[in-house]
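J.:
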């Protein structure tokens, strides 16, 4: 009942927003209003019109787009729509409608306009518990029929692109983050040398203002909202001169008002380019902060600058560097094209997308400063150091008994370079495992090697100790925007909810969705406004 109340409040708010711009009909021709259902624009033989600040659309087009059966009684002028257990009845020129027999007074009635029966879009959409949102930037109404999805629009503080996921052979540092605290939701983003935090009301996503964060070094590596109540940002700068005295990484600690509390400067670690050809992740536990990324190293004897991973361990109380990766760290992976780190109690767990040594997606565990296990999850065919593996590493999570490693790959049984399809996998690594024989890899998608379907973007989000959400985007031939899917698994990698498509919903891009209770939230820039999407997983478990 609580969730229904919140949903109703959100829909009511958005529908109120929907009515405001339509009332000012002098600003634009209402025929220009576009209506999208699950991402597809509805074609109308009679364009939408505005009556008393409410949008009316042809009845059959909207009812059928909402998957409702519609019946038209010309003699009585009655329109009846049915969907599952809901029956909606409207009568021409009668402001009183019925939902399952309950009489509801509408702002405007259904009407005959240009020979077509038009119905109030807001009322019909709300009657079937669908999400509806108005984007004034594009003068469009967006409706989603999957009741697990909700959408709100808010003003965008700048034009930072959200179409930013690029992982061909290697990953890149995320430049956008969502986090929540102090009854606010925040979006941190790096854009053209500037670092900004934008603040939003958590219920309406009304824009509240922003804070500019002075950059300590010119490159942005990553952000972490820690369990200790502080924020940590990793900055970097190039070191082409190979100076051991130059700081190539700075890890800065901030309070929630973005006042700098402490700073760890790292130098003399054989780095010419920080964050090179990889991402950056952080995790914290018991006063320690682990940082895992990659770098381009100093010139080698073979005349080349090689790339490999690098890690740091910081004592957060005084920002003292307890361990820093040098030329050959104990968890060395070359090339490391994606890097993830998580704490499992006092144990540190690393996952890397290796191209050379090893040429695999590899998981390593560190106990008391020593690497205790190195386990190949996915072994790639081909030559060492080829820069192409056909694989992606996109996530690492810790369960009670296992480590979950998520990514995608081309066929591992076809001849090297001949497979075009990329399938999503979840590898379940028991915490007691000492080699790859104990690993169970489950393929979530099963596209044939010759298929043009490819999973490149994927995410894993921890909801609870035994509930994890997978989100992934499928790029397919003839589908311009791709298709977004999700599934829910437990700590053993078994389905709590089988894969399902989120029709018309954009992917998160190069950012981790914000987890709040049972919900995942991400956003997309559309025109001058930002569409905030929320997936509610509470009622989705089988």
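Residue numbers (mature numbering (1 follows the signal peptide of the UniProt record, and there is no 0)): -26 to -1, 1 to 516. Beta carbons: idealized from backbone N, C-alpha and C, even for Gly.
(1) What's the C-alpha gap between residue 494 and residue 127?
(2) What's the gap between the Cα of residue 329 and the Cα of residue 306?
(3) With burial defined as no fewer than 16 other Cβ atoms inside 10 Å of the residue's Cβ, what is the status of residue 412: buried or exposed?
(4) Going by DSSP, what residue range makes up the beta strand (DSSP E) through residue 508?
(5) Looking at residue 35: is its Cβ nearer than 8 Å to the Cβ of residue 102?
(6) Going by C-alpha to C-alpha distance, which of 65, 60, 29 sits closest to residue 46?
(7) Please return the same chain residues whose Cβ sits closer than 6 Å to the Cβ of residue 452, not counting the five positions on each side in sequence.
(8) According to DSSP, simplified to helix, strand and coil, what is residue 497?
(9) Would you decide whether residue 430 is buried or exposed? Buried here means 16 or more other CB atoms lie within 10 Å of its CB.
(10) Alpha carbon to alpha carbon, how far is residue 296 from residue 234?
(11) Taking all protein chains shown into account, do 16 or more other C-beta atoms lie within 10 angstroms of the C-beta of residue 294, making it buried, or fewer, making it exposed?
(12) Per the contact definition of three or more C-beta pairs closer than 8 Å, is the segment 107 to 121 in contact with the segment 151 to 170?
(13) Quick one: what's residue 161 bridged to in DSSP?
(14) How many angstroms separate the CA atom of residue 285 from the CA atom of residue 421?
(15) Among residues of its own chain, excluding the 5 on either side of residue 57, which ones have a beta-carbon nearer than 7 Å to its beta-carbon?
(16) Please classify residue 99: does DSSP put it in a helix, a strand, or coil?
(17) Ends of the alpha helix (DSSP H) at residue 33?
(18) Alpha carbon to alpha carbon, how far is residue 415 from residue 399? Give it in angstroms, no decimals.
(19) Within 10 angstroms of its Cβ, does residue 77 collect 16 or more other Cβ (buried), or is it exposed?
(20) Considering only C-alpha positions, which residue in the set 335, 427, 437 is nearest to residue 454?
(21) Within 10 angstroms of its Cβ, does residue 88 collect 16 or more other Cβ (buried), or is it exposed?
(22) Looking at residue 435: is its Cβ nearer than 8 Å to the Cβ of residue 487?
(23) Under the rule that 16 or more other beta-carbon atoms within 10 Å means buried, what is residue 461, buried or exposed?
(24) Count the other C-beta atoms from every protein chain shown that fall within 10 angstroms of the C-beta of residue 269, then say buried if there are 16 or more, exposed otherwise.
(25) Within the chosen definition, does the segment 238 to 249 reach the segment 201 to 220 through at least 3 CB pairs nearer than 8 Å?
(26) Pull up the distance between the alpha-carbon of residue 423 and that of residue 155, whole angstroms please.
(27) With respect to the beta strand (DSSP E) encompassing residue 256, which residues constitute its N-terminal and C-terminal limits?
(28) Is the beta carbon of residue 313 closer than 8 Å to that of residue 361?
(29) Pull up the distance between the alpha-carbon of residue 125 and that of residue 10, whole angstroms please.
(30) For residue 340, tell me which candidate among 17, 325, 332 has the shortest Cα-Cα distance.
(31) For residue 292 and residue 386, what's the separation of their Cα atoms in angstroms?
(32) Is it true that the CB of residue 93 sits closer than 8 Å to the CB of residue 31?
(33) Considering Cα atoms alone, identify which of 97, 397, 374 is closest to residue 352.
(34) Following the continuous beta strand (DSSP E) through residue 445, name the residue where it begins and the one where it ends.
(35) May I have the straight-line CA-CA distance separating residue 38 from residue 447, to the nearest angstrom?
(36) If you run the structure through DSSP and keep just helix, strand and coil, what is residue 412?
T.: Let's see:
(1) Translated into positions along the chain shown, residue 494 becomes position 520. Translated into positions along the chain shown, residue 127 becomes position 153. Between residue 494 and residue 127, the C-alpha separation is close to 16 Å.
(2) Counting from 1 along the chain shown, the entry for residue 329 is found at position 355. Counting from 1 along the chain shown, the entry for residue 306 is found at position 332. Cα to Cα, residue 329 sits roughly 12 Å from residue 306.
(3) Here residue 412 refers to the residue found at position 438 of the chain shown. With fewer than 16 other Cβ atoms within 10 Å, it is exposed.
(4) Counting from one through the chain shown, the residue named residue 508 turns up at place 534. First-last of the beta strand (DSSP E) with residue 508: 503 to 510.
(5) As a working mapping, residue 35 is identified with position 61 in the chain shown. As a working mapping, residue 102 is identified with position 128 in the chain shown. Result no, Cβ atoms of residue 35 and residue 102 do not sit closer than 8 Å.
(6) As a first step, residue 46 is located in the chain shown; it is residue number 72 there, counting from the start. If we check each option's Cα against that of residue 46, 65 comes out closest.
(7) Position 478 of the chain shown holds residue 452. Same-chain partners within the cutoff: there are none.
(8) Start at 1 with the first residue of the chain shown, and residue 497 comes out as number 523. DSSP places residue 497 in strand when its eight states are reduced to three.
(9) Translated into the one-based positions of the chain shown, residue 430 becomes position 456. With 16 or more other Cβ atoms within 10 Å, it is buried.
(10) Walking along the chain shown from the start, residue 296 turns up at place 322. Walking along the chain shown from the start, residue 234 turns up at place 260. Straight-line Cα distance between these residues: approximately 21 Å.
(11) In the chain shown, counting from the first residue as 1, residue 294 sits at position 320. Under this definition residue 294 is an exposed residue.
(12) no
(13) Looking up residue 161 in the chain shown gives position 187. Residue 161 pairs with 152, 172.
(14) Residue 285 sits at position 311 when you count from the first residue of the chain shown. Residue 421 sits at position 447 when you count from the first residue of the chain shown. The straight-line gap from Cα to Cα measures roughly 36 Å.
(15) Within the chain shown, residue 57 is the residue found at index 83, counting from 1. These residues qualify, in order along the chain: 40, 41, 42, 102.
(16) Stepping through the chain shown from its first residue, residue 99 is reached at position 125. Helix at residue 99.
(17) The sequence position of residue 33 within the chain shown is 59, counting from 1. Its alpha helix (DSSP H) spans residues 33 to 39.
(18) Counted from its first residue, the chain shown places residue 399 at position 425. Counted from its first residue, the chain shown places residue 415 at position 441. So the alpha carbons of these two residues sit roughly 7 Å apart.
(19) Against the chain shown, residue 77 aligns to sequence position 103. It counts as exposed.
(20) Mapped onto the chain shown, residue 454 falls at position 480. The candidate whose alpha carbon is nearest that of residue 454 is 427.
(21) Looking up residue 88 in the chain shown gives position 114. So residue 88 ends up on the exposed side.
(22) In the chain shown, counting from the first residue as 1, residue 435 sits at position 461. In the chain shown, counting from the first residue as 1, residue 487 sits at position 513. Contact: yes.
(23) Residue numbering aside, residue 461 sits at position 487 when the chain shown is read from its first letter. Buried, since its Cβ has 16 or more Cβ neighbours within 10 Å.
(24) By 1-based counting over the chain shown, the position of residue 269 is 295. Looking at its Cβ environment, which holds 16 or more other Cβ atoms inside 10 Å, residue 269 is buried.
(25) yes
(26) Start at 1 with the first residue of the chain shown, and residue 423 comes out as number 449. Start at 1 with the first residue of the chain shown, and residue 155 comes out as number 181. Each residue's alpha carbon lies about 45 Å from the other.
(27) Numbered from 1 along the chain shown, position 282 holds the residue referred to as residue 256. First-last of the beta strand (DSSP E) with residue 256: 255 to 259.
(28) If you number the chain shown from 1, residue 361 lands on position 387. If you number the chain shown from 1, residue 313 lands on position 339. No, Cβ-Cβ distance for residue 361 and residue 313 is not below 8 Å.
(29) To locate residue 125, count along the chain shown from 1; it is residue 151. To locate residue 10, count along the chain shown from 1; it is residue 36. For residue 125 and residue 10, the distance between alpha carbons rounds to 13 Å.
(30) In the chain shown, the residue the question calls residue 340 occupies position 366. Taking only the C-alpha atoms, the option nearest residue 340 is 325.
(31) On the chain shown, position 318 is the one that residue 292 refers to. On the chain shown, position 412 is the one that residue 386 refers to. Residue 292 and residue 386: Cα-Cα distance of roughly 47 Å.
(32) Locating residue 31 in the chain shown gives position 57, counting from the first residue. Locating residue 93 in the chain shown gives position 119, counting from the first residue. Result yes, Cβ atoms of residue 31 and residue 93 sit closer than 8 Å.
(33) In the chain shown, counting from the first residue as 1, residue 352 sits at position 378. For residue 352, the nearest C-alpha among the options comes from 397.
(34) Working through the chain shown from its first residue, we reach residue 445 at position 471. Note, residue 445: beta strand (DSSP E), 441 to 449.
(35) For the purposes of this step, residue 38 is taken as residue 64 along the chain shown, with counting starting at 1. For the purposes of this step, residue 447 is taken as residue 473 along the chain shown, with counting starting at 1. Between residue 38 and residue 447, the C-alpha separation is close to 27 Å.
(36) The sequence position of residue 412 within the chain shown is 438, counting from 1. The answer is helix: DSSP assigns residue 412 an H, G or I state.
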